[in-house]
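*Asks:*
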Amino acid sequence: GENVEQHPSTLSVQEGDSAVIKCTYSDSASNYFPWYKQELGKRPQLIIDIRSNVGEKKDQRIAVTLNKTAKHFSLHITETQPEDSAVYFCAASKRDDKIIFGKGTRLHILP
Amino acid sequence: GAGVSQSPRYKVAKRGQDVALRCDPISGHVSLFWYQQALGQGPEFLTYFQNEAQLDKSGLPSDRFFAERPEGSVSTLKIQRTQQEDSAVYLCASTRGLGTDTQYFGPGTRLTVL
Chain A
1 GENVEQHPST
11 LSVQEGDSAV
21 IKCTYSDSAS
31 NYFPWYKQEL
41 GKRPQLIIDI
51 RSNVGEKKDQ
61 RIAVTLNKTA
71 KHFSLHITET
81 QPEDSAVYFC
91 AASKRDDKII
101 FGKGTRLHIL
111 P
Chain B
1 GAGVSQSPRY
11 KVAKRGQDVA
21 LRCDPISGHV
31 SLFWYQQALG
41 QGPEFLTYFQ
51 NEAQLDKSGL
61 PSDRFFAERP
71 EGSVSTLKIQ
81 RTQQEDSAVY
91 LCASTRGLGT
101 DTQYFGPGTR
111 LTVL
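If you're matching them up, the sequences are chains A and B in order.
Residue numbers for the first sequence follow my numbering, so the first one is 1 and each next one is one higher.
Residue numbers for the second sequence follow my numbering, so the first one is 1 and each next one is one higher.
Below is the structure:
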């Protein structure tokens, strides 16, 4: 079955700098890659997703890139702000199938 | 409109007790998922329904776990003879259509087994 690896497990960046989180997946049939943000004690919230027919997607300060050949995808957050501090999860799925999550990256934005 | 809701939000059970966790998906959403999230971990898939049909239950950790969605809307996750390792947050998510639609999560039920 699908396996999603996520790195790093913890990331600290200075406010205003960029943060990058990387994930790899194992099942070449996966075609949907969402990213979730989870604040302490809250539910996961979708922040951006990408499907396998595109290589990059951007939404304001957040962008995601996908390399299908290498089976990896990344989340980029630019101009980080204190409210970006949270745990971020990548995930992978294929049509009509369950979503498999990575183990998460705890992002700390330093003042 | 109303999002996904779950009840109870917190549940404390003594080891060996049975528990039932409820999920109310967004009205009209076809697919419903259950996940288990241990402290400091990502959500782990448990089971998945499309309408009332349980299409995948490969993530259920043992036969003590049982889920149903008899009318294709509300779902119940039942855990029999709870064990301490069952302590976790149980998340429910629903999607409008197929599994690769956006999943909207409920607030979760935090289960603590003493």
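Cβ coordinates follow ideal geometry from the N, Cα and C atoms, glycine included.
Which word fits B:Ser62, buried or exposed, when buried means at least 16 other C-beta atoms lie within 10 angstroms of its C-beta?
*Replies:* Position 62 of the second sequence holds residue 62 of chain B. Under this definition B:Ser62 is an exposed residue.
*Asks:* Please return the same chain residues whose Cβ sits closer than 7 Å to the Cβ of B:Pro8, not counting the five positions on each side in sequence.
*Replies:* Residue mapping note: residue 8 of chain B aligns to position 8 of the second sequence, counting from 1. So the qualifying residues of the chain are Thr109.
*Asks:* A:His72 to B:Gln50, Cα distance in whole Å?
*Replies:* Here the question's residue 72 of chain A lines up with position 72 in the first sequence. Here the question's residue 50 of chain B lines up with position 50 in the second sequence. Roughly 29 Å separates the two Cα atoms.
*Asks:* Considering only their Cβ atoms, is the gap separating A:Ala86 from A:Leu107 smaller than 8 Å?
*Replies:* Against the first sequence, residue 107 of chain A aligns to sequence position 107. Against the first sequence, residue 86 of chain A aligns to sequence position 86. Going by C-beta atoms, A:Leu107 is nearer than 8 Å to A:Ala86.
*Asks:* How about B:Gln36: is its C-beta nearer than 8 Å to some C-beta of chain A?
*Replies:* Looking up residue 36 of chain B in the second sequence gives position 36. Judged by the 8 Å Cβ criterion, B:Gln36 is not in contact with chain A.
*Asks:* So the beta strand (DSSP E) A:Ile50 belongs to, where does it begin and stop?
*Replies:* Counting from 1 along the first sequence, the entry for residue 50 of chain A is found at position 50. Gln45 to Arg51 is the span of the beta strand (DSSP E), which, as asked, contains A:Ile50.
*Asks:* According to DSSP, A:Ile100 sits in a beta bridge with which residue or residues?
*Replies:* As a first step, residue 100 of chain A must be located in the first sequence, where it is residue number 100. BP columns for A:Ile100 point to A:Ala92.
*Asks:* Could you run through the segment 9-25 of chain B and flag, in chain order, every residue whose CB is less than 8 Å away from some CB of chain A?
*Replies:* For the segment 9-25 of chain B, which is checked against every Cβ of chain A, not one residue is closer than 8 Å.
*Asks:* Answer with yes or no whether the minimum CB distance from B:Leu102 to chain A is below 8 Å.
*Replies:* As a working note, residue 102 of chain B is residue 102 in the second sequence. It should be noted that the sequence gives Thr, not Leu, for residue 102 of chain B. Cβ-Cβ to chain A under 8 Å: yes for B:Thr102.
*Asks:* In the DSSP assignment, the beta strand (DSSP E) including B:Leu91 goes from what residue to what residue?
*Replies:* Residue numbering aside, residue 91 of chain B sits at position 91 when the second sequence is read from its first letter. Taken as a continuous stretch (DSSP letters only), the beta strand (DSSP E) holding B:Leu91 covers Ala88 to Thr95.
*Asks:* Applying the criterion that 16 or more other CB atoms from any shown protein chain within 10 Å of the CB defines a buried residue, is B:Ala67 buried or exposed?
*Replies:* Here residue 67 of chain B is taken as the residue at index 67 of the second sequence, counted from 1. Buried, because 16 or more other Cβ atoms sit within 10 Å of the Cβ of B:Ala67.
*Asks:* For A:Arg43 versus B:Phe105, is the C-beta spacing smaller than 8 Å?
*Replies:* By 1-based counting over the first sequence, the position of residue 43 of chain A is 43. By 1-based counting over the second sequence, the position of residue 105 of chain B is 105. Yes; because the gap between Cβ atoms is below 8 Å, this pair is in contact.
*Asks:* Within 8 Å (strictly less), CB to CB, does B:Gly72 reach chain D?
*Replies:* Given the protein chain composition of this structure (A and B), no chain D is represented.
*Asks:* Determine the chain A residues that contact B:Tyr48 at a beta-carbon separation under 7 Å, and present them in chain order.
*Replies:* Residue mapping note: residue 48 of chain B aligns to position 48 of the second sequence, counting from 1. Result: Lys98.
*Asks:* Please decide whether B:Gly28 counts as near chain A, where near means a Cβ-Cβ distance under 8 Å.
*Replies:* As a first step, residue 28 of chain B is located in the second sequence; it is residue number 28 there, counting from the start. Chain A contact via Cβ: absent.
*Asks:* Does DSSP put A:Pro82 in a helix, in a strand, or in coil?
*Replies:* Taking the first sequence and counting its residues from 1, the one referred to as residue 82 of chain A is at position 82. Residue state, collapsed to three classes: helix.
*Asks:* Does chain A have any CB closer than 8 Å to the CB of B:Pro107?
*Replies:* Working through the second sequence from its first residue, we reach residue 107 of chain B at position 107. Interface residue, yes.
*Asks:* So the beta strand (DSSP E) A:Asn67 belongs to, where does it begin and stop?
*Replies:* Here residue 67 of chain A refers to the residue found at position 67 of the first sequence. Here the beta strand (DSSP E) through A:Asn67 covers Ile62 to Asn67.
*Asks:* I need the DSSP call for B:Gln37, collapsed to helix, strand or coil.
*Replies:* In the second sequence, counting from the first residue as 1, residue 37 of chain B sits at position 37. In the structure shown, B:Gln37 sits in a strand (DSSP, three-state: E or B).
*Asks:* Which residue marks the beginning of the beta strand (DSSP E) containing B:Lys14, and which one marks its end?
*Replies:* Here residue 14 of chain B corresponds to residue number 14 of the second sequence, with the count starting at 1. Looking at the DSSP string, B:Lys14 is not in any beta strand (DSSP E), and its letter there is neither H nor E.
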